[in-house]
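Q: So the protein sequences, as listed, match chains Y and W. Per numbering that gives the first Met the number 0, residue 0 is the first one in the first sequence, and the count goes up by one each step. Per numbering that gives the first Met the number 0, residue 0 is the first one in the second sequence, and the count goes up by one each step. Idealized CB from N, CA, C, for every residue including glycine. As the structure is a prediction and not an experimental result, all values here were calculated from the model. Input: one structure, supplied below.
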Amino acid sequence: MKQLTTLFLSLALALCAGWHSAYASDQIIVVANTSDDTLMLTREQVRNLFMGASVGRDLHPIALPPKHRTRSLFNTKVVGLAESRVQSYWAQMKFTGRRSPPMEVGDEEAMLRYLNEHQNSIGYLTASTDLPDSLKVIYTTE
Amino acid sequence: MTSTPKIAVLTAALCTALPASAYQVTDSLEVSGFARAIAGYLDHDSRRFEGYTDEFSITEQSLVAIQPTYSFSDKFSVTSQLIAHASDERDSGVEWLYLSYQPDNAWHFRAGKLRMPFFMYSDSVDVGYSYPWVTPPVQVYNNYLFPTFNGASASYFYSGTDFGLNLETYYGYFRGDLFLAGSRVDVETKVDDLAGLVATVSRNNLSLRLSYHQGDNQTVIPYIVPLKDALYANGLDASARSLESDGQVYALQAAISYDTLNAFYKAEWVKTVTGYDIAPEVIGYYFSAGYVHDDLTFHGTYSNSEYSEVMPVMELPTEPTGDPQTDALASAYYQAFATTPNGSLESYSVGVRWDFRLNMALKADVTLFQESNNDRSGFFNGAAGDDANATLSQIAWEWIF
């Protein structure tokens, strides 16, 4: 009986760990190159910042290219719009002369390099990314 | 060169010269643009709508536009937008030309020739890629008075911890053709002291847009002028004054939209009022809902618009008097009021949009229009006794670069 309980517990733990790691890989961190140690943003602020708003600080959003898995996760978890709707939004903003979409970099490696080199830049990465000291996590998705 | 070859040459030149996204000519000069090709058919043997008849047409709304932006610095730039419409009924040429100053992320100042931000999509109505329909609900979007103005605008976009706030205000003037009650009126219009305020508040994916616009309008309607002069000459001042078309014009708008990952809901309401007797007040609104599945969007929309009744001054006799001059004046005067738009125009529309590439979409819409007052809807210009129903079928190809 004891063996059966141990087996059951191990199985449950393994399942939990497996589920947790799958879950963790879908997690997104929003990272900024900032000298302000107190800076933290809400989901609403991150969303609006990447849609062209100001959060009252000099922050420059950087995006990954469309179809990139991390961008799709960012769209789903933070923006709350499918890529086609994000594209429509930017078409409206751009061709009504209001705002331009964030600058794009090719992949997460390029994102990390860009953020590291540019003060006040802000971007998103998968949660498991190793960050240099210059970068600070200012928002983490659920 | 007529419009159709002109648009073909422009499209060919653009396709050859430009890649799929905005073209960075130099570090300072970027050229982007958009194009739409629309085919439509109206199943009615005696009506026209937006130029569509019961013959298949691809020239009514098709267009190509290029938008060069030259940046002097991070904060200063100049932008133009040049549009070539396939239809000769629409104005081709410089749609925009303005200087832009962005001191920080929140503020944006522009000065020059700008687009009127009347309603949710009125300043991007030529950019079909920015909305789900082939033609945005005409009851709202064809009632807007004029598409551009000369002046300056300031906008502010700020996000608090749990809300977004977007404010825009503008001031300027307009000279040119007037759109009244859904169709271009062939009149010279001057609008001075044109001003407006647009406020959009959002939280999560719920957004509310409220706007107010006003201007001091002076319009000369050529066919009314001789009648007005004759009325004044005969001492019928009250009747003559009721035909004046100078005064305040204002528009009030409210829109709400809610977006989820796989659905959207939108509603918009507008009211346009003029300060003169001959122009009716008009209210237009629509409700729209859509379902998004991967690259496909399915949507349905109900729209309606209603005109208020315009009242003539009862100074002239309404029955024949036997005096030829009085009877002619009375007939012309009451006829002018009898032909102003009246009644309502309802429509039901279903459509699908397929975003088959990142910067391209194909669309198909079917819209059933129902008029309550056939000869005076302001949209179809049909005759009394016509079939009150008409179905518009459209397909579109939208491209941005």
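Going along chain Y in order, which residues have a C-beta closer than 8 Å to the C-beta of Val291 of chain W?
A: For the purposes of this step, residue 291 of chain W is taken as the residue at position 292 of the second sequence. The answer, in chain order, is Ala81, Ser83 and Arg84.
Q: Per the contact definition of three or more C-beta pairs closer than 8 Å, is the region 220-231 of chain W in contact with the region 193-202 of chain W?
A: no
Q: Would Ser99 of chain W and Ile399 of chain W be called neighbours here (beta carbons separated by less than 9 Å)?
A: Translated into positions along the second sequence, residue 99 of chain W becomes position 100. Translated into positions along the second sequence, residue 399 of chain W becomes position 400. It is not a contact, given that the beta carbons lie outside the stated cut-off.
Q: Quick one: which unbroken alpha helix (DSSP H) runs of 4-plus residues sit fully inside the region 219-282 of chain W? Chain order, please.
A: 224-232 and 236-240
Q: Quick check: the Cα distance between Thr325 of chain W and Leu315 of chain W, rounded to an integer number of angstroms?
A: For this step, residue 325 of chain W is matched to residue 326 along the second sequence. For this step, residue 315 of chain W is matched to residue 316 along the second sequence. Roughly 8 Å separates the two Cα atoms.
Q: Out of Y:Phe49, Y:Pro60, Y:Gln86 and Y:Gly51, which has the shortest C-alpha to C-alpha gap to Lys66 of chain Y?
A: The residue you call residue 66 of chain Y lines up with position 67 of the first sequence. Answer by Cα proximity: Y:Gln86.
Q: Identify every residue that forms a DSSP beta bridge with Lys135 of chain Y.
A: As a working note, residue 135 of chain Y is residue 136 in the first sequence. Beta-bridge partners of Lys135 of chain Y (DSSP): Y:Ala31.
Q: Distance, Cα to Cα, Asn388 of chain W vs Gln369 of chain W?
A: Locating residue 388 of chain W in the second sequence gives position 389, counting from the first residue. Locating residue 369 of chain W in the second sequence gives position 370, counting from the first residue. C-alpha separation (whole angstroms): 5 Å.
Q: Taking the Cβ atom as the reference point for each residue, do Val219 of chain W and Val139 of chain W lie within a distance shorter than 9 Å?
A: Along the second sequence, one-based indexing puts residue 219 of chain W at 220. Along the second sequence, one-based indexing puts residue 139 of chain W at 140. 9 Å or more divides the Cβ of Val219 of chain W from the Cβ of Val139 of chain W.
Q: Run through chain Y and tell me which residues come within less than 7 Å of Val197 of chain W, C-beta to C-beta.
A: Translated into positions along the second sequence, residue 197 of chain W becomes position 198. Against Val197 of chain W, chain Y offers no close residue; the least beta-carbon distance is about 11 Å (beta-carbon pairs closer than 7 Å).
Q: Could you list which residues in chain Y have their beta carbon closer than 8 Å to that of Trp398 of chain W, in chain order?
A: If you number the second sequence from 1, residue 398 of chain W lands on position 399. The premise fails here: Trp398 of chain W is roughly 10 Å from chain Y at the closest Cβ pair, so nothing lies under 8 Å.
Q: Note down, in chain order, all residues in the region 303-331 of chain W with a beta-carbon under 7 Å from any beta-carbon belonging to chain Y.
A: none
Q: If we count the other Cβ atoms within 10 Å of its Cβ and call it buried at 16 or more, is His84 of chain W buried or exposed?
A: Taking the second sequence and counting its residues from 1, one reaches residue 84 of chain W at position 85. His84 of chain W should be labelled buried.
Q: Is Gln118 of chain Y close to chain W, meaning its C-beta is less than 9 Å from at least one C-beta of that chain?
A: As a working mapping, residue 118 of chain Y is identified with position 119 in the first sequence. No - not a single Cβ of chain W is within 9 Å of the one on Gln118 of chain Y.
Q: Pick helix, strand or coil for Val197 of chain W, following the three-state DSSP scheme.
A: Sequence index remark: in the second sequence, residue 197 of chain W carries index 198 (1-based). If DSSP states are grouped into helix, strand and coil, Val197 of chain W belongs with the strands.
Q: In chain order, what residues of the same chain have a beta carbon less than 8 Å from the beta carbon of Arg46 of chain Y, not counting five sequence neighbours either side?
A: Reading the first sequence from its first residue, position 47 is the one you call residue 46 of chain Y. For Arg46 of chain Y, where only same-chain residues beyond five positions count, the Cβ hits under 8 Å are Val77, Val78 and Gly79.
Q: Can you find a CB in chain Y that lies within less than 9 Å of the CB of Leu357 of chain W?
A: Here the question's residue 357 of chain W lines up with position 358 in the second sequence. For Leu357 of chain W, the answer is yes, since a Cβ of chain Y falls inside 9 Å of its Cβ.
Q: On a CA-only basis, which of W:Thr168, W:Leu235, W:Ser27 and W:Asp42 is nearest Arg97 of chain Y? Give me that one, please.
A: Here residue 97 of chain Y is taken as the residue at index 98 of the first sequence, counted from 1. Comparing Cα-Cα distances from Arg97 of chain Y to each of W:Thr168, W:Leu235, W:Ser27 and W:Asp42, the minimum goes to W:Thr168.
Q: Checking contacts by CB at 9 Å: is Gly350 of chain W closer than that to chain Y?
A: Sequence index remark: in the second sequence, residue 350 of chain W carries index 351 (1-based). Answer no: the Cβ-Cβ gap between Gly350 of chain W and chain Y never drops below 9 Å.
Q: Please list, in chain order, all residues of the same chain as Phe286 of chain W whose beta carbon is under 6 Å from its beta carbon, the five residues on each side excluded.
A: Here residue 286 of chain W refers to the residue found at position 287 of the second sequence. If we look at Phe286 of chain W and ignore the five residues flanking it on each side, its Cβ neighbours are Ala266 and Tyr301.
Q: Please list, in chain order, the chain Y residues whose beta carbon lies closer than 8 Å to that of Phe162 of chain W.
A: Here residue 162 of chain W corresponds to residue number 163 of the second sequence, with the count starting at 1. Within 8 Å Cβ-Cβ: Glu43.
Q: Given a cut-off of 9 Å on the beta-carbon distance, is the pair Gln393 of chain W and Val186 of chain W in contact?
A: The count along the second sequence starts at 1 and reaches residue 393 of chain W at position 394. The count along the second sequence starts at 1 and reaches residue 186 of chain W at position 187. No.
Q: Whose CA, out of W:Tyr306, W:Leu230, W:Pro136 and W:Gly127, lies closest to the CA of Ser343 of chain W?
A: What you label residue 343 of chain W is simply residue 344 of the second sequence in a count that begins at 1. That would be W:Tyr306, whose Cα lies nearest to the Cα of Ser343 of chain W.
Q: So what does DSSP say about Gly407 of chain W, is it helix, strand or coil?
A: Missing from the structure shown is residue 407 of chain W; chain W here goes from 0 to 400 and no further.
Q: Taking all protein chains shown into account, decide if Lys362 of chain W is buried (16 or more other Cβ within 10 angstroms of its Cβ) or exposed.
A: Along the second sequence, one-based indexing puts residue 362 of chain W at 363. Its Cβ being crowded by 16 or more others within 10 Å, Lys362 of chain W is buried.
Q: Among W:Met313, W:Thr147 and W:Gly289, whose alpha-carbon lies nearest the alpha-carbon of Gly350 of chain W?
A: Here residue 350 of chain W refers to the residue found at position 351 of the second sequence. Looking at the Cα atoms, W:Gly289 is the closest of the given residues.
Q: Could you tell me whether the Cβ atoms of Ala52 of chain Y and Ser158 of chain W are closer together than 9 Å?
A: Here residue 52 of chain Y refers to the residue found at position 53 of the first sequence. Here residue 158 of chain W refers to the residue found at position 159 of the second sequence. In this structure, Ser158 of chain W lies closer than 9 Å to Ala52 of chain Y by Cβ.
Q: Would the region 103-115 of chain W and the region 229-249 of chain W be scored as touching if the rule is three or more Cβ pairs under 8 Å?
A: no
Q: Does the beta carbon of Lys66 of chain Y come closer than 9 Å to any beta carbon on chain W?
A: The residue labelled residue 66 of chain Y in the question sits at position 67 within the first sequence. Yes, because at least one Cβ of chain W sits closer than 9 Å to the Cβ of Lys66 of chain Y.
Q: By how many angstroms is the C-alpha of Ala229 of chain W removed from the C-alpha of Thr366 of chain W?
A: Within the second sequence, numbered from 1, the residue matching residue 366 of chain W stands at position 367. Within the second sequence, numbered from 1, the residue matching residue 229 of chain W stands at position 230. The straight-line gap from Cα to Cα measures roughly 44 Å.
Q: Got a sec: is the Cβ-Cβ distance from Gln91 of chain Y to anything in chain W below 9 Å?
A: In the first sequence, the residue the question calls residue 91 of chain Y occupies position 92. Answer yes: the Cβ-Cβ gap between Gln91 of chain Y and chain W drops below 9 Å somewhere.
Q: Could you pull out every residue in the same chain whose Cβ sits closer than 6 Å to the Cβ of Leu295 of chain W, ignoring the five residues on either side in sequence?
A: Position 296 of the second sequence, counted from the start, is the residue given in the question as residue 295 of chain W. Excluding residues within five positions, the ones whose Cβ falls inside 6 Å are Trp353.
Q: Taking 9 Å as the threshold (C-beta atoms), are Ala360 of chain W and Tyr22 of chain W in contact?
A: Counting from one through the second sequence, the residue named residue 22 of chain W turns up at place 23. Counting from one through the second sequence, the residue named residue 360 of chain W turns up at place 361. Cβ distance not < 9 Å, so Tyr22 of chain W and Ala360 of chain W don't count as in contact.
Q: When every heavy atom of the ligand GTP is checked, does at least one fall within less than 8 Å of the C-beta of Glu49 of chain W?
A: With respect to small molecules bound, the structure shown includes none, and the ligand GTP cannot be examined in it.
Q: How long is the line joining the alpha carbons of Asn115 of chain Y and Tyr69 of chain W, rounded to whole angstroms?
A: Within the first sequence, residue 115 of chain Y is the residue found at index 116, counting from 1. Within the second sequence, residue 69 of chain W is the residue found at index 70, counting from 1. Asn115 of chain Y and Tyr69 of chain W: Cα-Cα distance of roughly 29 Å.
Q: Give the C-beta separation of His292 of chain W and Asn261 of chain W to the nearest angstrom, bearing in mind that I take them to be a contact with Cβ-Cβ under 8 Å.
A: Counting from one through the second sequence, the residue named residue 292 of chain W turns up at place 293. Counting from one through the second sequence, the residue named residue 261 of chain W turns up at place 262. The pair is a contact, with the Cβ atoms about 7 Å apart (cut-off 8 Å).
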